[in-house]
Structures are given as C-alpha cells and as structure tokens.
Amino acid sequence: MPQYDLAGNPLPEKGGANPSEQPVRYDLAGNPLPAAPPPPPSGLPPAGTPLGFGVPAPAAHSPYGSAAAPSEEVGMGRVYAAVGVGVAVVIALIAFVILHALRPAPVPAPTAYVPYVALDKSFTCDAPSGWARASGGGDGGNAAGVLLTRGAARIEVEGDLAGSLMGDIVTSNNNQADNLASMTGQPAPPQTPPVEKLHQGQAKALAKKYDDYDEQPAQPLSSPVGDARISEWTGSGGTLVGKLHGYRVTLLGNERRYSVICQCPEDNWAVLQPAFQHVIASLAAGNG
120 MPQYDLAGNP LPEKGGANPS EQPVRYDLAG NPLPAAPPPP PSGLPPAGTP
170 LGFGVPAPAA HSPYGSAAAP SEEVGMGRVY AAVGVGVAVV IALIAFVILH
220 ALRPAPVPAP TAYVPYVALD KSFTCDAPSG WARASGGGDG GNAAGVLLTR
270 GAARIEVEGD LAGSLMGDIV TSNNNQADNL ASMTGQPAPP QTPPVEKLHQ
320 GQAKALAKKY DDYDEQPAQP LSSPVGDARI SEWTGSGGTL VGKLHGYRVT
370 LLGNERRYSV ICQCPEDNWA VLQPAFQHVI ASLAAGNG
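Residue numbering for the sequence shown follows this note's numbering, starting at 120 and increasing by one per position.
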C-alpha cells in the first residue's frame, strides 16, 4: 500500500530498492530536494603520512597542548634547580648579615678603673671606667653584690655570710676526722680545703646555666681576702653571642665567702682577660 508524506507525495516503497540509491526528498511545497552530497572518505591517513608530493598529513592536536620534548623537560629541571640554589644562597646571606648585625660589638680594654664599695661595705674592688654598675643586696642578711657590664662582657662580684658558715662546717668536719685519726693511731686522710669544696659546689650552677660548659681544674690564688681558688671556663652564650670565655673565683674570708664570675665572648677574651685579672686582684674585704 503506497505511503505519502505530509505534502501528499508518495513515499518510496520499502524493499526492492537499490540500497545505494538515496530516496528522493521533498519540501513542504512538494518540490524535490537536491540529493545529499556523498559521505566523505573514511578518514585521513595517520599523522605524518605523506599526502602526495611528500607533504605529510597534519598532526593531531591535543586539547591539553603539545607535550614537551625530553630535552626541554631536562632543561627546565636544571633551570628550577639553579633557581632553588640561588634562593637558598640569598636567604643564607641575609641570615648571616642579620646575625652579624645583631651580635654585640667587641668591648675595648679599660683604660682606667674607679673604686667600688659594696652597699653594706662588706667588700671593695676596682670597677672598669665606663662600665655600667648595678648594686644590690646587703640588707636583711642577703648577699651584697655588684654587676659590672659593657656590651656582652660582665663581671659579677658577691659576698655572703652563708658561704662562710659552710666553710666553717667543712673545717669542723676536717678537724673531727683528724682527731679521730690521732685517737686510733691511724694516719689522717687527706683533707680537701674548705674553699676548694665551696668552689667545686659553685661549678654546678654554671654548668646548668650554660650549654657545653667546660672548666679547667681549679688553681690556688693569692688574695688578701684569704684562701682562694680560680678556674678558667668556657660555655655557649647562644646564637647571637656564641662561645663564652671567663674566670670563676671563690675566696673564703674570716666572715664571708666571696665569689667572682667574669665572662665575655670568645673573640673578646684576649682583650678583656687582663681587665678581669685586675678586678679579681683588687677585691678586698670591707669594714661592713
């Protein structure tokens, strides 16, 4: 049974028609439409295949852009590495400049000294001229002392009654040991002088305060105050100050124990060592 389109034109019958022939199409007015163009070829040959006269076919384009060649990737990697090294060097230089600027300036050797008297008049000593002084203590049985500073250099002098009492206890214990030895007829054991025991005890405080603390063996020191010991020490003063170098002195008088701690950066030691020795030698018991 024949079929018609919306315009009343007969439609081709199914079957029997040549499949290669295209059906005739009509517009709404009943006019035949031109035949559709034939389909394009099955496709272009692979990219790079010559298309006659040696012209290669166009390369396919990726929506993400063309990939870099291996040599280009290696080159960019070297560029990034060089940039990273350069940034690290710049940061290191900036850090060095900042640390160098923040480090305390070297302290010159004192050219003059002025007398200092403790608040309770328990001791006197020479103080380097131009150095800051901070006095304290001396009341209510507290230790009297003075802190002399300039830059990163400092000298701390202190006199207290407690240390002298501890020295008396050590002396008493030594005497008892001697008496016991004489009663039993045994030789008396070697006794450690009181000032040496007190000196050893104070080393623990500095060892807790400074990292990498190291101290040379104590040496006897001649002083008008009384029996004395002196030790040379080094320790870490932190990132800005660096290594410290100084003296630690313990002096045992009739009524008081005196302590002196001197310190400065290692690179300032050769200049300030004589000044430290001068202040230590000038220490004397007062009338308080």
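Don't be surprised by glycine CBs; every beta carbon is placed ideally from N, CA and C.
Note that this is a predicted model, so its numbers are computed, not measured.
- In the pairwise beta carbon analysis, the stretch 365-382 is classified as touching the stretch 271-282: at least three pairs are separated by under 8 Å.
- DSSP, reduced to helix, strand and coil, places Gly-194 within a helical segment of the structure shown.
- Shown here, Tyr-329 sits in coil according to DSSP, grouped into three states, outside any helix or strand.
- Note that the C-beta distance between Leu-325 and Leu-370 is not below 9 Å.
- In the displayed model, Pro-153 falls within coil according to three-state DSSP, outside both helix and strand.
- Pairing Pro-234 with Val-398, the inter-Cα distance amounts to about 10 Å.
- Approximately 6 Å separates the beta-carbon atoms of Val-226 and Asn-387; this is inside 8 Å, confirming the contact.
- Looking only at Tyr-232, Gly-249, Leu-238 and Ala-207, the smallest Cα-Cα distance to Gln-396 is reached by Tyr-232.
- A Cβ-Cβ separation of about 20 Å leaves Gly-264 out of contact with Gly-270 under the 8 Å criterion.
- If the five residues before and after Gly-356 are omitted, its C-beta is found closer than 6 Å to the C-beta atoms of Leu-363, all from its own chain and listed in chain order.
- Contact between Leu-267 and Arg-252 holds, with the beta-carbon distance rounding to 6 Å and staying under 8 Å.
- Within the same chain, and ignoring the five residues on either side of Asp-146 in sequence, the residues whose Cβ sits closer than 7 Å to its Cβ are Leu-152.
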